[in-house]
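Visitor: Per my numbering, residue 48 is the first one in the sequence shown, and the count goes up by one each step. Structure below; questions to follow.
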Amino acid sequence: MNLEFIFKIIDKDEWNRAKKKGIYSGSSIDIKDGYIHFSEKEQIQETLKKHYLKQENLILLKVQTLNLEHLLWEQASNGGMYPHLYSELDVKNVIEEYELSFNENGIHQLPVNL
48 MNLEFIFKII DKDEWNRAKK KGIYSGSSID IKDGYIHFSE KEQIQETLKK HYLKQENLIL
108 LKVQTLNLEH LLWEQASNGG MYPHLYSELD VKNVIEEYEL SFNENGIHQL PVNL
């Protein structure tokens, strides 16, 4: 479990709107569930396959957890422990953003410098 950084997959347009507001309240699924879904580094590829297969226009956010309040690791339906944020995300906590592209097999390619 990495307590320093967590990752969020987000639509590029949704992220641009959040940056203008200074806060991110979550996707429609996040809002419905009552928390913002995140992944640890090792969970990103599985999350992409399960929820974002072949989806374009995606950004991967690297978020520093130090100043996040209401962050919990909880068990997901697959049995893994995932970070969930029970508050809005101040965009100041995002330290990197990466555009996701596809490799030759049509699978999202993660940046090598995560």
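Built from N, CA and C at the ideal position, the CB exists for glycine as well. In this text, all values refer to a predicted model and were calculated from it rather than measured experimentally.
Which runs of the alpha helix (DSSP H) at least 4 residues long sit entirely within the stretch 84-146? Give them in chain order.
Guide: You should have 91-98.
Visitor: Compute the beta-carbon to beta-carbon distance between E135 and Y71, rounded to the nearest angstrom, for a pair I have assumed lies under 8 Å.
Guide: The count along the sequence shown starts at 1 and reaches residue 135 at position 88. The count along the sequence shown starts at 1 and reaches residue 71 at position 24. Confirmed, about 6 Å.
Visitor: Considering only residues of the same chain and omitting the five flanking positions on each side of L147, which have a CB-CB separation below 8 Å?
Guide: Within the sequence shown, the letter at position 100 stands for residue 147. The answer, listed in chain order, is I56, L95, L105, I106, L107, H155, Q156, L157.
Visitor: Got a sec? Which residues, its chain only, sit under 7 Å from Q122 by beta carbon, not counting five neighbours each side?
Guide: Taking the first residue of the sequence shown as 1, we reach residue 122 at position 75. Once the five neighbours on either side are set aside, the close Cβ partners of Q122 are M128.
Visitor: Following the continuous beta strand (DSSP E) through I78, name the residue where it begins and the one where it ends.
Guide: For this step, residue 78 is matched to residue 31 along the sequence shown. Premise fails: I78 lies in the alpha helix (DSSP H), 75-80, not in any beta strand (DSSP E).
Visitor: Where does G126 land, buried or exposed, given buried means 16+ other C-beta within 10 angstroms?
Guide: Residue 126 sits at position 79 when you count from the first residue of the sequence shown. Exposed, because fewer than 16 other Cβ atoms sit within 10 Å of the Cβ of G126.
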